[in-house]
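Counting along the sequence shown from 1, when you hit position 533 you're at 615 in this note's numbering, and nothing is skipped either side.
Cβ coordinates follow ideal geometry from the N, Cα and C atoms, glycine included.
These numbers come from a predicted model, not from an experiment.
Below: one structure, written as C-alpha cells.
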Amino acid sequence: MRRTPRWARWLVPLVLLIVWLGVGGTLGPFAGKLGEVATNDQAAFLPRDAESTRVLDAREAFDQSETVPAIVVWTADGGEGGKQVTEDQQRTATRAVAGLAGHPGIVGDPSPALPSEDGEALQSVVQLEPDLGDELPVVLEKLTKAAGSVPGTEAQIAGPAASQADLSDAFAGIDGLLLGVALAAVLLILLLVYRSVLLPLLIILGSVFALGLACAVLYVLADRDLVRVDGQVQGILSILVIGAATDYALLLAARFREELAVGGDRFAAARAAVRRSFGAITASAATVALGLLALLASDLTNNRALGPVGAIGIVCAVLSTLTFLPAALALLGRSAYWPATPRAEAPEGRGVWRRIAATVDRAPRKVWVTTALVLTALAAFAPGLSAKGVPLDEIFVNEAPSVSAQETLGRHFPGGSGNPAVIIADAGRAGRVVEAARGTEGVASAGTVSASGRPGAGEPLVVDGRVRIDATLAAGADSDTAKDTVQRLRARLHSVPDANALVGGYTAQQYDTQRTAAHDRTVIVPVVLGIILLILVLLLRSLLVPVLLVATVGLNFLATIGVSSLVFQHLLGFSGTDASVPLYGFVFLVALGVDYNIFLMSRVREETLRLGTRRGVLRGLTTTGGVITSAGVVLAATFAALMVIPLAFLVQVAFIVAFGVLLDTLVVRSLLVPALVVDIGPKAWWPSKLAGAKDDGTAGTAREDP
C-alpha cells in the first residue's frame, strides 16, 4: 500500500487552519455588527392571524403620523399642598410639556395634564417619533427634565416609549458582555477539568470562529430581509453556538486523545477521531437544527425567526468542529494536551465512572426504578408553572424606570391607562359600538378617536368607512382580569349587527399570544419528538432504544419544569412565565439533552458489537462519562450566562435549560439510561441483529458494520 507523502499529510490540516484563521479575521467582527440589522418591532411577538394583529395593521391607517406614546405622570410630593395636586401645578405641568412641541423627536402637541379622580396625580401623553434609535434616551431625558420643572411634584415617564428605552438598555452591549461571560465560564471549566493550556484555547477559538461565521451569514440574510433577528434571538444565538461548538469539540478531542494514546500517529489519530465521532456529532447537530426548524410551524414571528437563525448557527458549529479542530489537533499532536499526557484508558475505566458503572451493573433495576421515581416526583410539580404571561412589573428582573412609572400610573388612574383596548369598527355603527363597549363589565371608559389622536376630543376620524375606538380597562392591562374583560368585550361587540368590530390593543395581544403559544406547543412538541426519534432510529438501527431515550428525555423535561415552577415562584418571585418559555425550554432542553444520550449510546453500540450489551453499556459509560459530564457542565454554564441580560424571559429560559442539562447529564444519562438498557439486555436493540446476540461478551456473531 502506497504511503501518503509526509508533506501531503501536513498540507491539508495546514490549509484548513489558514482558511479558518482567515474566516475568523474577516468575519469575526460580524458578531458585534449583527445588532445593526436587528429589529424589535412589536408585531414580531404577535400571532400572524390573531384579531389583535389585524387591529394593529388596521390602526396604522388612523395614525396621521406613526408615533410611540410616552406618558408623563406627576404625583404630589406631600409638601405644602399635601398629597393633592393643585390647579397651579396642573397649569404648570401643561405648559411644561406644551413647550416641547416642535422639538426634535416630538410629534404634534402633547395632551394637557389631566388630574386623576383621587386628585393625587396628573398625566399627559406625548407622542414621539417611532424610529429614534439611539436618540430615544436623549428625547426622554429632555421630556423628563421638562416634566420635572413642576414644583412640589415628582415626574415619571411610562408608556411604550419608556418601555422601549428600558428594553434597549437591557440589550445594550449584549454582544460583548454575553460573549465575554460565556467564554470566560467555558474557559474556566475546561482549564479545571482538563488541566491543559492549549486545548481549552483551541476549543474556545473554534467556537468563536463558528459564531463569527454564523453572524456573517445571518448579517447578509437579515440585511436582505431573508431572516429576522431581534435582541432576544441574537442573545440565544451566541449562547447556542458557543455551547454546541464546545460540546462537539469536547467529544472529538476526547476521541482524538484515545486514538493518539493507542496509535501514536497524530494524523491517523485525527482521521480516526473524525471518522468515529462523525455520526454522533452530526446526529446530535441534526436533532438541534431540525428541532429549531420545527419552530417554523409557530404562528409567532419571533418563534419562527429563531428556527433558521439557530439552525444556521448549529451548522457553523459542526463545520468548525469537524474541520478547524481536527486540523489544529493534527498539527499539534500531543502538545495540544500539554502539560497532561494522553494515555490509553483501561477497558473497565477508572475512578468515579468505574464506581458508577459498577453500581449500575450490580443493581440495574433498582437504579432505574429509583431515578425514574425521583424524576416523576419532580415532574408532579410541572402543572404549577403558569405560562399566562409575565406582568409588566416583572418583565425586567432589575429596577426599571418604566415599570415604576407604570405602577404609579396604575395607582391613580384606571389600570388600563396608557394601554387601552383598541376597537376598529364600521363608522355607521360607531355609536352602538361605543355604547356596547361602555356597558361591558370591566371597561372604565370608551370613545371614538378624533383626528388629534385622542378619544372624545372632537369629530371621529373616519378612514375607509371605519373608526377607531379606545376603551380604557378598569384592571391593569397585564392582569388576568383585563384579559377576561377583553373576552367579554369581543363577545359583546361581535354581536353588534353590521359593526364588523375587531378588538386589539396590549391586553388583547397578550391574550392572543397566550392562546397561540398553547396551540404551538400542541403542534411543535410532537414534531420535535418525531424528528428526534427518527434520527435516533437511523443512528442506532433500533426501535426500542430510541423510544426509551425519547421517553427519558421527556421525563427529564417535565422534572425540570417541576423544579422551575418551585424556583420561579418561591425563590425568584415570578408570578408566571412568558407564554413562549415552556416551548423554548422544551426545544432547547430536549434537542440538546438528547445529544448526551446520542454521545453515550452511539459509543455503547460500538462497544456492544465487540463485547455484548452489558459490557458494552458499562464500557460506553466509563469511556464517555468524563467528556459528556464536562460537555453538560459547559453547556449549562453558557446558557446560565443569559442571566446577565435583565429580562425575565431570558432568565427563565436560561434556568430551565441550565438546570435541565445538568439533570440530564448527571442523572438521566449517567444512571437511568444505562440501567434501563442493562436491565432489558440485548432485546433493547430490537429489531437489529444485536437483539439476538448472547450477552456473554461474545457478540461477534451479531457484528454489524459500524
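CA-to-CA distance, residue j to residue i, given in whole angstroms
i      : j      : result
SER712 : TRP420 : 18 Å
ALA195 : GLN171 : 9 Å
GLY163 : ILE318 : Confidence is the limiting factor: at GLY163 the pLDDT is only 48, short of 50, which leaves the residue's position unreliable, though a coordinate-based value still follows. Approximately 51 Å between the Cα atoms of the pair.
PRO496 : LEU555 : 7 Å
GLY161 : GLY234 : Its pLDDT being 49, under 50, GLY161 is placed unreliably in this model, and the value from its coordinates should be taken loosely. Each residue's alpha carbon lies about 6 Å from the other.
LEU388 : LEU377 : 7 Å
VAL716 : ALA267 : 8 Å
LEU281 : ALA418 : 5 Å
THR604 : LEU693 : 42 Å
LEU626 : LEU414 : 42 Å
VAL263 : PRO408 : 26 Å
ASP200 : ALA379 : 49 Å
LEU93  : ALA412 : 11 Å
VAL400 : THR328 : 10 Å
THR720 : ALA331 : 15 Å
TRP768 : SER359 : 24 Å
TYR593 : HIS601 : 13 Å
ALA766 : GLY742 : 26 Å
TRP102 : CYS398 : 12 Å
ALA755 : THR403 : The question names Ala, but residue 755 in the sequence shown is Val. Whole-angstrom Cα-Cα distance: 27 Å.
ALA351 : THR704 : 21 Å
ILE762 : ARG337 : 28 Å
VAL750 : SER250 : 39 Å
LEU138 : GLY587 : 7 Å
LYS470 : THR659 : 7 Å
VAL549 : GLY529 : 10 Å
Cβ-based neighbour list, residue i, same chain, cut-off 6 Å, excluding 5 preceding and 5 following
i      : result
PHE670 : VAL739
GLY707 : TRP435
LEU753 : VAL449 and THR453
VAL699 : VAL686, PRO756, VAL759 and VAL760
Beta-carbon spacing of residue i, residue j below 8 Å
i      : j      : result
LEU222 : ALA175 : no
ALA240 : VAL155 : yes
ALA410 : LEU99  : yes
VAL208 : LEU182 : yes
GLN238 : SER486 : yes
ALA244 : SER484 : yes
VAL585 : GLU133 : yes
ALA464 : SER320 : no
THR369 : ILE614 : yes
THR747 : TYR678 : yes
ALA326 : ILE396 : yes
ILE394 : ALA298 : no
GLY578 : ARG514 : One point to set straight first is that residue 578 is Val, not Gly, in the sequence displayed. Yes, the pair counts as a contact, with Cβ atoms nearer than the cut-off.
Residue i - containing beta strand (DSSP E), residue span
i      : result
GLN209 : 203 to 210
GLU236 : 235 to 240
VAL150 : 150 to 158
SER527 : 525 to 530
ARG548 : 548 to 555
LEU222 : Per DSSP, LEU222 belongs to no beta strand (DSSP E); it is in the alpha helix (DSSP H), 218 to 229.
First and last residue of the uninterrupted alpha helix (DSSP H) at residue i
i      : result
LEU653 : No alpha helix (DSSP H) contains LEU653, which DSSP labels as neither H nor E.
ILE710 : 695 to 722
GLY395 : 383 to 414
ILE506 : From DSSP, ILE506 is part of no alpha helix (DSSP H) but of the beta strand (DSSP E) over 503 to 508.
LEU611 : 588 to 622
ILE286 : 280 to 305
GLU489 : 483 to 494
ILE477 : Here ILE477 belongs to no alpha helix (DSSP H), and DSSP marks it neither H nor E.
Anticipated Cβ contact below 8 Å, residue i with residue j, distance rounded
i      : j      : result
VAL73  : VAL676 : A query on residue 73 cannot be resolved here, the shown segment of the chain reaching from 83 to 788 and no further.
LEU460 : GLY644 : 4 Å
SER527 : GLU541 : Actually they do not touch by this definition, with Cβ atoms about 18 Å apart.
THR589 : ALA564 : 5 Å
ALA503 : LEU571 : 6 Å
ILE324 : LEU293 : 6 Å
LEU116 : LEU333 : Actually they do not touch by this definition, with Cβ atoms about 28 Å apart.
PRO390 : VAL309 : 5 Å
LEU210 : ALA152 : 6 Å
GLU202 : HIS576 : Actually they are not in contact, since the Cβ atoms of GLU202 and HIS576 sit about 38 Å apart, beyond 8 Å.
ILE680 : ALA439 : Actually they are not in contact, since the Cβ atoms of ILE680 and ALA439 sit about 19 Å apart, beyond 8 Å.
beta-carbon residue i near the ligand GDP non-hydrogen atom, thresh 7 Å
i      : result
LEU732 : You won't find the ligand GDP in this model; it holds no ligand whatsoever.
Contacts around residue i, its chain only, beta-carbon distance under 8 Å, and the 5 residues preceding and following it disregarded
i      : result
ASP580 : ASP508, GLY510 and ARG511
ASP566 : GLY524
PHE656 : VAL472, GLU476, PHE650, ALA730 and GLN734
Neighbourhood of residue i by C-beta, 7 Å cutoff - its chain only, sequence neighbours within 5 removed
i      : result
VAL545 : ALA143 and PHE144
SER662 : LEU382, ASN385 and ALA599
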